[in-house]
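Visitor: I'd like to ask some things about the structure below.
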Ligand SMILES: [Ca+2]
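Numbering (my numbering), first residue to last: 98 to 474.
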């Protein structure tokens with residue numbers, strides 16, 4: 098397939114800033130003249146992507162398939178050996194990550210909507226690992242299963258991230274959409290960020306391992322629906338993004354044991370209007386680093402590193418579903434100092450940075466695309 102190429106001139110400059118800044122130098126770095134290539138457009142709601150290191154990509158489709166896509170966009174047959182996945186509502190196959198030792202062990206990790214028993218409508222988010230060989234998964238092991246499982250098909254979270262040293266795997270979860278009362282309770286995994294070792298064991302240094310009534314996998318809590326996660330290269334810290342109710346999509350840098358407020362505090366409001374919880378602030382609950390109000394339905398995030406857009410080193414790129422965009426956030430320490438928006442007029446699910454510095458995006462569509470952003474020189 099020959100990639101379609103078009104030059105994408107700047108459609109929108111969303112110049113929004115939470116903090117005032119006199120220094121206008123940061124305004125020099127813009128989305129202007131970004132070239133958008135279409136690598137392929139035949140994927141059914143693609144959700145997660147990993148570069149295999151040889152030009153090929155491994156891509157999940159929410160509809161329950163895992164496929165290899167060649168560098169030229171050729172889509173492979175579904176990889177066999179996946180567990181039963183409940184595809185319904187927002188549920189299906191979600192994210193994937195390669196093992197930190199993938200070149201030696203060929204192991205992949207992936208998250209999905211797991212039924213309680215075969216065919217059951219009662220589900221939650223699970224994470225499995227398996228060895229990929231000859232387009233087939235081997236030695237499959239479920240290493241995490243969110244408890245409790247519930248009826249309903251919403252707010253699964255599902256994003257994965259390894260710590261910089263590869264010792265820990267973070268799993269972003271959601272509140273199932275109708276279990277808000279469980280989110281502030283540590284005896285379940287609803288609305289939590291969890292941290293495990295890659296073999297599924299619980300790290301002894303997790304914040305609640307010594308608390309009898311708490312799930313030991315919990316890293317932080319009070320999350321509504323975590324949709325994007327990446328490690329900040331300069332600090333090794335995990336950053337997450339989550340959906341707010343109507344408004345109040347958040348960027349957080351979750352610290353162990355802390356409470357991120359949902360559903361007690363939020364910058365958003367209920368759909369159709371009406372306050373959620375008690376407002377914006379409460380002692381003992383963390384404020385987000387950044388929030389989008391109105392919501393962009395934030396999805397994937399990636400810290401930019403690379404040669405294609407050298408002026409953007411360390412920027413956080415965040416994609417939007419409803420917002421149909423990539424937001425580029427300039428970050429100083431743990432503050433966002435500037436935002437600029439690239440409107441793409443398509444729902445964008447995920448963003449990944451290739452080793453050559455080009456930016457790969459997944460579109461959330463029945464004929465979903467892999468888009469590649471390059472500097473238009
Ligand atoms: Ca929050």
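Glycine included, every Cβ here is placed at the ideal spot set by N, Cα and C.
1. Taking a contact to mean a Cβ-Cβ separation below 9 Å, would you say residue 319 touches residue 361 in this structure?
2. At a threshold of 8 Å, does residue 349 count as lining ligand 1 (C-beta to nearest heavy atom)?
3. Quick one: is residue 404 buried, meaning 16 or more other Cβ sit within 10 Å of its Cβ, or exposed?
4. Restricting to Cα atoms, I'd like to know which of 235, 133 and 274 is closest to residue 475.
5. Our contact map puts residue 195 next to residue 147 with C-beta atoms below 8 Å; I'd like the distance itself, whole angstroms only.
6. Would you report the Cα separation of residue 274 and residue 217, rounded to the nearest angstrom?
7. List, from N- to C-terminal side, the beta strand (DSSP E) runs of 3 residues or more that fit wholly inside the stretch 393-468.
8. Counting only the same chain and skipping the five closest in sequence on each side, list residues whose C-beta sits under 7 Å from that of residue 251.
9. Give the range of the beta strand (DSSP E) segment to which residue 327 is assigned.
10. Let me check understanding here. Comparing Cα to Cα, which of 190, 134 and 261 lies closest to residue 170?
11. Under the criterion of a Cβ to heavy atom distance below 8 Å, does residue 385 qualify as lining ligand 1?
12. Would you kindly work out how many angstroms separate the C-alpha atoms of residue 283 and residue 157, rounded to a whole number?
13. Excluding five sequence neighbours on each side, which residues of the same chain lie with their C-beta closer than 6 Å to the C-beta of residue 474?
14. Terminal residues of the continuous alpha helix (DSSP H) containing residue 207?
15. Measure the beta-carbon distance from residue 475 to residue 448 and round it to whole angstroms, keeping in mind my assumption that it falls under 8 Å.
16. Helix, strand or coil for residue 377 per DSSP?
17. In its own chain, which residues sit with a C-beta less than 8 Å from the C-beta of residue 232, not counting the 5 before and 5 after it?
18. Let me confirm a value: residue 330 is counted as buried when at least 16 other C-beta atoms fall within 10 Å, else exposed. Which label applies?
19. Quick check on the burial criterion: 16 or more other C-beta atoms within 10 angstroms. Buried or exposed for residue 212?
20. Contact check, residue 184 vs residue 150 under 8 Å by CB: the rounded distance?
21. What's the call for residue 290, buried or exposed, on a 16-neighbour Cβ count within 10 Å?
22. Does the separation of the CB atoms of residue 326 and residue 270 fall below 9 Å?
23. What are the start and end residues of the beta strand (DSSP E) that includes residue 273?
24. Which whole-angstrom value describes the C-beta separation of residue 285 and residue 312, a residue pair presumed to lie in contact below a C-beta threshold of 8 Å?
25. Does the Cβ of residue 339 lie closer than 8 Å to at least one heavy atom of ligand 1?
26. Let me check one thing: in DSSP terms, what residues is residue 235 bridge-paired to?
27. Return helix, strand or coil for residue 201, following the three-state DSSP convention.
28. Considering only their Cβ atoms, is the gap separating residue 259 from residue 328 smaller than 9 Å?
29. Closest by CA to residue 429, which one among 441, 400 and 439?
30. So residue 341 and residue 392 are in contact, right, with Cβ under 8 Å, and what is the actual spacing, rounded?
Guide: A quick look at the data gives this:
1. yes
2. yes
3. exposed
4. The structure shown has nothing for residue 475, since the chain only spans 98 to 474.
5. 5 Å
6. 19 Å
7. 395-400, 413-417, 422-429, 432-440, 445-450 and 456-460
8. 186, 187, 273 and 274
9. 323-328
10. 134
11. yes
12. 31 Å
13. none
14. It is not in any alpha helix (DSSP H) - residue 207 instead sits in the beta strand (DSSP E) that spans 204-212.
15. Coverage of the chain is limited to positions 98 through 474, which leaves residue 475 absent and any answer about it impossible.
16. coil
17. 165, 173, 174, 176 and 177
18. exposed
19. buried
20. Actually they do not touch by this definition, with Cβ atoms about 29 Å apart.
21. buried
22. no
23. Per DSSP, residue 273 belongs to no beta strand (DSSP E) and is neither H nor E.
24. 7 Å
25. yes
26. 228
27. helix
28. yes
29. 400
30. 6 Å
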